[in-house]
Each structure stands twice: as C-alpha cells, then as structure tokens.
Amino acid sequence: MHRKLGWAVAGVCALAMVVVVAMPAGAQMAEVKEKPPMYSYVGNWAIPRAQWGEMDKQTAANQKMMEKGMTDGSIIGYGNDTNLVHQADGWTHDDWWSSMSMAGVLGMLEQSYKSGSAVAPVLISSSKHWDSIYVSRYYNWHAGSWTGVYTRVASYQLKADAPPDAVDVVSKNLFVPMLEKLLADGALHEYEIDTEAIHTESPGAFLVVIIAADGAGLDKFNAAVRDLAKGSPLAGQALGSMVDFNVHRDSLARTNVTYK
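With the numbering used here as the guide, the letters of the sequence shown map in order to residues 78 to 337.
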C-alpha cells in the first residue's frame, strides 16, 4: 500500500484538541497501549498505462507465494494498490506485505527475488520504482480477504522541536480511539500508524493508514472526524504545535487485501 493518503488537516487538528481537552491525561494513556512491532514492506511502481493489464496479471501470478507465506505464518497480511489520484511524477501501483518480524518481511522479499517476479517484464517497464519498510506499534484489522476496497494514508512530518514521544501521544490520544470505533462499526477493515523502519526519508515522518470497506466507509470516517471536531473552536493548536502541515500529503488507492 503506497503510504501517502489521508484526511483533512483541519479535521485532524480539531480532533486532536477534542480528545486532548476532553479526557484526563492519565485516562488517555490507559486506554491505548502500543503493540508488538508489525513490519510492512511496500514496493511502488510507475507503470505505463498501456501495461496496467499486465500488472494485474503479475499480481495474480504472485498470489500462491503470498498465500504460502500466510499459511506458514511468515506474513500476516498482503495486498496491492492501484493509485486513484495520479501525480505527474508519482506511482501507479504497489504491492506490499506485513509481518510480525523483520525476518518475515525479508523472507518474503527473498522469495520474490528467487521466483523471478521482481524482474517480471511489466516491472522492468516501470519508469520509476522505490521500496520502503515501515514499522507500526498501533494497528488492528479484520481477518479476511477483500477486493476493490479503498486505502487512504496521511503522511505527516513532525517539527524539529516536537517531543520524542509525539507519535505515541497522537496515536494514543487522537488516532487510535476513533479508528478502533470505526473498525468495530465495520467502516474500516484495517488501520495502522507507521514510521520508517529503514529511513529513506527525513526522520520525524509518520503515516496514518486506513483501509475502508467501501466508499461509504470513507464517508463514515470523514463524518467521525467532523463530529469530533465540532466541539472545539480552538482545534488545531495541539497537533499544530508538533506537526509541520506544510509538508502533509494524501493519496487514495483501490486495494485488494488479505489479513490473517
């Protein structure tokens, strides 16, 4: 899943203030705890439009390899994304998988190399390619497989003077409580809050990823942000003190996904 999708900046800022002001600090921290690290590998490609059909075939050809990884426990989820909001120099497709260990992520990568899928003709046709490895300690999902759902990811950059636990603070007090409710309601199939495990971009970046069940799920997500924002006219100060919104970016993708 290409990690650059998201929600409205104003809504997120408002939500931050609502949660931080409404709940005592001790109660906030007690509600959400970080989980064991989950690692995700993402390969992004810029595929010529004439080759998009071939990319679909290549994804299908990788299915057995991914299913084997799920069966033997080396990975806990995998999928692929097709970008729906294209940029002139951006990505068109990605493939990804997640594991509860770096060994699991790298093991699947080695299998990809050995199988020859990493040098498939359609991938060689790509004008650009880049990889990322992320780690998340705040995540949850529904087990199952879905096709044609939607992934949104918001990328954020912390300010240089943000506290060292800033991602933990916003995850526990802001993002996770709302995302857990949407997951329970069925609007979302998965969420995670990622930082880079292998730093290929500026330190201080973090990503908020959601996989919505359908377009209605995206609407429910947006409505939840708006509803929480209504009670705080001063919303924005909490996140604004820690996050540089000038470099915030979003993307939207159509996703095929399986989780264990």
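In this text, a Cβ means the ideal position worked out from N, Cα and C, and glycines have one as well.
- At least 8 Å separates the beta-carbon of residue 204 from that of residue 116.
- Residue 163 and residue 333 have their C-alpha atoms some 18 Å from each other.
- In the assembly as shown, residue 193 is an exposed residue. Its beta-carbon has fewer than 16 other beta-carbons within 10 Å.
- Within the stretch 221-254, complete beta strand (DSSP E) segments of at least 3 residues are found at 221-234, given in chain order.
- In this structure, residue 288 sits away from residue 257, with a CB-CB distance that is not shorter than 8 Å.
- Note on residue 126: under 16 other CB atoms within 10 angstroms of its CB, so exposed under the neighbour-count rule.
- In this structure, 320 is the residue among 184, 295, 108 and 320 with its C-alpha nearest to the C-alpha of residue 284.
- In this structure, the alpha-carbon of residue 111 lies about 39 Å from that of residue 199.
- Taking 8 Å as the cut-off, the beta carbon of residue 210 is found no closer than this to the beta carbon of residue 174.
- Assignment of residue 267 by DSSP, reduced to helix, strand and coil, places it in the strand class.
- For residue 177, the secondary structure class from DSSP, reduced to helix, strand or coil, is coil.
- When the alpha-carbon of residue 238 is set against those of 274, 316, 114 and 130, the nearest one is in 316.
- In the same chain as residue 137, and ignoring 5 residues on each side of it, no C-beta atom comes closer than 6 Å to its own.
- Counted as a single uninterrupted DSSP element, the alpha helix (DSSP H) harbouring residue 200 occupies residues 198-201.
- A distance below 6 Å between beta-carbons, with the five flanking residues on each side excluded, links residue 181 to the following residues of its chain, in chain order: 151 and 152.
- Within 10 angstroms of the beta-carbon of residue 323 lie fewer than 16 other beta-carbons, which makes it exposed.
- Following the DSSP letters along the chain, one finds residue 327 inside the beta strand (DSSP E) bounded by residues 326-336.
- In the DSSP assignment, the residues bridged to residue 272 are 212.
- Taking every protein chain shown into account, the CB of residue 296 has fewer than 16 other CB atoms within 10 angstroms, so this residue is exposed.
- According to DSSP, residue 300 shares a beta bridge with no other residue.
- Straight through space, the alpha carbons of residue 303 and residue 201 are spaced by roughly 43 Å.
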